[in-house]
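Peer 1: Please read through the structure below; I'll follow up with questions.
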Amino acid sequence: MPIFSYIVLSIALFSIGIVGVLTRRNAIIIFMSIELMLNAVNLMLVAFSKMHQNAAILAGDVSGTAGMDGQLFVFFIMVVAAAEVSVGLAIIVMMYRNIHSVDVNFLNRLKH
Amino acid sequence: MNALIVSAVLGVVMMFSGILLKQKTAVRNVAIAGILLLLIVNLLEMNGITLFKIDTHGMLLFDHFALLFNAVVFAAVLLYFLLSSAEMEKVGVNYAEYFALIFFILCGVTLVTSFKSLLILFLGIEIISIPLYILTGSDKRNLKSNEASLKYFLLGTFSTGLMLMGIALLYGARGTFSTAVSPMVTATPNFLLLGGMSLLLFSMAFKVSAAPFHFWTPDVYDGAPTVFTSFMATIVKVVAFAGFVRLFDDAFEAQQAQWRIWVAVITAVTLFIGNITAVFQQSVKRMLAYSSIAQAGFMLFALYAMNADGKEGLLLYTAAYCIATIGIFAVLARMSDYTFDGFNGLSRGEPLVAGALTVFLLSLAGIPLTAGFMAKFYMLKAALATPGSSWLVVFAVLMAAVSVYYYFRVIQAMYFKAPGETVQPSFPAFFKWMLGILAVLVILLGLFPELLLGRLYF
């Protein structure tokens, strides 16, 4: 069953996203890496959705609606991610206006 | 269901009131009337009167615990509005929008306390988080506020990513997002199920700022405008706990053996780091941030114990912790100096304020006769029902003893030190009486916790 390849691909994408968040210093690129993580999740949800659908059909369910909730979830993630992008970019722009940089190394004033 | 719809509508009403009403006191009165309405419709639903009949296909369940928890949270927000809403004017010009965002957060709160599907949990957490990113950065010219909001945003979305991966893995294992799974399906643990469970554990620990996922908390709480720190440290934190407990109670009951040890470790580390670091703080605001981590350690006992006592304890802890912390932050927001020295000699000029503040601090430290003591007592009693947990309870009591040190530093500054050269703030009479009422509530709940807990069983 090729579901394993999908799992490996989306875990690989997810890990690239995590490494990006942890190592990059540019706020925009960190943000991009987070979006990559969300899209890895979307891919995995769609793959699982098809897997559960096929399993239900093999088990004799003829309606074909099993596993649809996974694909519905993807749309919710997209909508919420769009809302997050709008707020997140606004915050980054607000910071850029004040310090003329989007480097997160500047984010250490609060420590003192 | 009542509170969910009414809070969303009230958010929109507040947005329009910002356009239509010119006076800030009018906006504030609309907000206070709104939160009262929200509390009333929620109490109506507790007594069986549902205004909206909507079939949610089993995704939401407004059980008695969820409704009572909502009622406590709405009452805390009402007290917060009465005490601190005047301070919000100083943050920025968008006064009505702050209230609108808070009502939208309350909409997310009702989702998180009553979800039966992982989809609703995700939506609820996001509806709470996104307005919070905005509120954290609402002081737009202040660099610290900018920094706090960017940090909170990046780490918050990162933890949401982890949570979504956890949900996706669980979906792969179970084929459904519903948390009401039959034990038959979940009997065999596999790597999808365990991976999803640990990712959900990490991301929820992040949301409640439990160590080792607490590192964002002091910076964000310190940088955000103090009125909104007060809201984040109380309402949002306890609601995340309610969601945490509900999630693990419903979805991972069968895996309790696997996650319980992890929760015990997280609890111990949270208690240790929160209390020990709080001792070394110079700023009261930062001390309260670490103290909120330490209190989160105690609230984790509800998750660890996962029994009826733990849920009662969580409810009482919510009330005790919210009232005391809202009171302390309301005073702090009016101070000009946030260090311990800023409180020097407060008892001479303002005996009532200093007295109320003492009651709140004693309650947070868990001294008997206050609500904080009863809340901690219920938590530890719940934990003792689990075999092999006595080391954790002993450790928690020791850490509570450490916490007495930093809470008493404020009391010592207020009563036993001469006033410094900093100008003491003046408190309006209404504010002082509200603080007095809060202090009475703390003592009342400490003497008669049944007043609140008795409502849970009928």
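Residue numbers (this note's numbering), protein chains in the order written: chain A, 1 to 112; chain B, 113 to 570. Each residue gets a CB set at the ideal place from its N, CA and C atoms; glycine is no exception.
Can you tell me whether DSSP reads ASN154/B as helix, strand or coil?
Peer 2: Note: ASN154/B maps to helix in three-state DSSP.
Peer 1: Can you give the Cα-Cα distance for MET200/B and MET447/B, rounded to whole angstroms?
Peer 2: Roughly 14 Å separates the two Cα atoms.
Peer 1: Does the CB of GLY284/B have a neighbour CB from chain A at under 9 Å?
Peer 2: Cβ-Cβ to chain A under 9 Å: yes for GLY284/B.
Peer 1: At what residue ranges does the stretch 20-54 of chain A contain a whole run of the beta strand (DSSP E), taking only runs of 3 or more?
Peer 2: Runs of the beta strand (DSSP E) inside the stretch 20-54 of chain A: none found.
Peer 1: Inspect the CB distances between the stretch 333-349 of chain B and the stretch 436-444 of chain B and report whether three or more fall short of 8 Å.
Peer 2: Contact holds: three or more Cβ-Cβ distances are below 8 Å.
Peer 1: In whole angstroms, give me the CA-to-CA distance for GLN53/A and MET486/B.
Peer 2: When rounded, the distance between both Cα atoms is 51 Å.
Peer 1: Excluding the five sequence neighbours on either side, which residues of its own chain have a C-beta within less than 7 Å of the C-beta of SER129/B, listed in chain order?
Peer 2: The answer, listed in chain order, is VAL139, VAL142, ALA208.
Peer 1: In chain order, what residues of the same chain have a beta carbon less than 8 Å from the beta carbon of MET316/B, not counting five sequence neighbours either side?
Peer 2: Result list for MET316/B: MET275, ALA352, GLY355, PHE356, LEU359, in chain order.
Peer 1: Does the ligand PLP have even one heavy atom less than 8 Å from the beta-carbon of ARG567/B?
Peer 2: Ligands displayed in this structure: none; no statement on the ligand PLP is therefore possible.
Peer 1: If the cut is a Cβ gap below 7 Å, which residues of chain A does PHE270/B touch?
Peer 2: Those are VAL21, ILE34, listed as they occur along chain A.
Peer 1: Interface residues of chain B around HIS52/A at Cβ under 7 Å?
Peer 2: Chain B residues near HIS52/A: GLY287.
Peer 1: What residues in its chain sit with their C-beta under 7 Å from that of LEU574/B, if we drop five residues either side in the sequence?
Peer 2: The question about residue 574/B has no answer, for chain B in this structure spans 113 to 570.
Peer 1: Assuming SER229/B and MET277/B are in contact, meaning their beta carbons sit under 8 Å apart, how far apart are those beta carbons, in whole angstroms?
Peer 2: Contact doesn't hold; Cβ gap of about 17 Å is too wide.
Peer 1: Return the residue from the list GLY17/A, PHE14/A, ILE57/A, MET68/A that minimises the CA-CA distance to PHE48/A.
Peer 2: Ranking GLY17/A, PHE14/A, ILE57/A, MET68/A by Cα distance to PHE48/A puts MET68/A first.
Peer 1: Could you say if the stretch 145-157 of chain B and the stretch 230-243 of chain B meet the contact criterion of at least three C-beta pairs nearer than 8 Å?
Peer 2: With the cut-off at 8 Å, the stretch 145-157 of chain B and the stretch 230-243 of chain B do not touch.
Peer 1: State the DSSP-derived secondary structure class of LEU172/B, mapped to helix, strand or coil.
Peer 2: It is a strand residue.
Peer 1: If we count Cβ pairs, one from each stretch, closer than 8 Å, do we get three or more for the stretch 119-138 of chain B versus the stretch 255-273 of chain B?
Peer 2: No, because fewer than three Cβ pairs between the stretch 119-138 of chain B and the stretch 255-273 of chain B fall closer than 8 Å, the two stretches do not touch.
Peer 1: At the 9 Å Cβ level, is ASP69/A part of the contact set with chain B, yes or no?
Peer 2: Yes, its Cβ sits closer than 9 Å to a Cβ of chain B.
Peer 1: By alpha-carbon positions, which one of PRO561/B, LEU426/B, SER290/B ends up nearest to HIS169/B?
Peer 2: Taking only the C-alpha atoms, the option nearest HIS169/B is SER290/B.
Peer 1: Along the stretch 92-106 of chain A, what residues have a CB closer than 8 Å to any CB found in chain B?
Peer 2: Here the close residues are ILE92, MET94, MET95, ASN98, ILE99, VAL104, PHE106.
Peer 1: Rounded to the nearest angstrom, what separates ALA466/B and ASN206/B at their Cα positions?
Peer 2: One C-alpha to the other measures close to 32 Å.
Peer 1: Rounding to the nearest angstrom, what Cα-Cα distance links ARG567/B and PHE177/B in this structure?
Peer 2: Whole-angstrom Cα-Cα distance: 9 Å.
Peer 1: Indicate whether ILE239/B and GLY220/B have their beta-carbon atoms separated by less than 9 Å.
Peer 2: The answer is yes: Cβ separation under 9 Å.
Peer 1: Using a beta-carbon distance below 9 Å, is LEU262/B in contact with chain A?
Peer 2: Yes, its Cβ sits closer than 9 Å to a Cβ of chain A.
Peer 1: Taking C-beta pairs closer than 7 Å, name the residues in chain A that TYR245/B reaches, listed in chain order.
Peer 2: Under the 7 Å cutoff, chain A gives VAL87, ILE91.
Peer 1: Locate the alpha helix (DSSP H) running through ASP362/B, then write down its first and last residues.
Peer 2: ASP362/B -> alpha helix (DSSP H) spans 349-363.
Peer 1: Should ALA431/B go down as buried or exposed, given a rule of 16 or more other Cβ atoms within 10 Å for buried?
Peer 2: Classification for ALA431/B: buried.
Peer 1: Excluding five sequence neighbours on each side, which residues of the same chain lie with their C-beta closer than 6 Å to the C-beta of ILE217/B?
Peer 2: Closer than 6 Å at Cβ, skipping near neighbours: ILE240, PRO243.
Peer 1: If contacts are defined as beta-carbon pairs under 8 Å, then MET158/B and LEU190/B qualify, I think. What distance do you get, rounded to the angstrom?
Peer 2: At roughly 16 Å, the Cβ-Cβ gap does not stay under 8 Å, so MET158/B and LEU190/B are not in contact.
Peer 1: Determine the extent of the alpha helix (DSSP H) in which GLU562/B is found, giving its start and end residues.
Peer 2: Its alpha helix (DSSP H) spans residues 562-565.
Peer 1: So is ALA497/B buried or exposed if we call it buried at 16+ other beta carbons inside 10 Å?
Peer 2: It is exposed - the Cβ of ALA497/B has fewer than 16 other Cβ atoms within 10 Å.
Peer 1: Do you know whose CA, among SER501/B, PRO463/B, VAL505/B, VAL293/B, lies nearest MET526/B's CA?
Peer 2: For MET526/B, the nearest C-alpha among the options comes from PRO463/B.
Peer 1: With 9 Å as the threshold, decide whether the Cβ of SER10/A is near any Cβ in chain B.
Peer 2: Yes, its Cβ sits closer than 9 Å to a Cβ of chain B.
Peer 1: Looking at C-alpha atoms only, which residue of ILE237/B, ALA212/B, TYR210/B is the closest neighbour of ALA222/B?
Peer 2: As written in the sequence, residue 222/B is Thr, which differs from the Ala given in the question. THR222/B has its Cα closest to that of ILE237/B, out of ILE237/B, ALA212/B, TYR210/B.
Peer 1: Using a cut-off of 9 Å between C-beta atoms, extract the partners of ASN302/B located in chain A.
Peer 2: Correct list: empty, because the minimum Cβ distance to chain A is about 12 Å.
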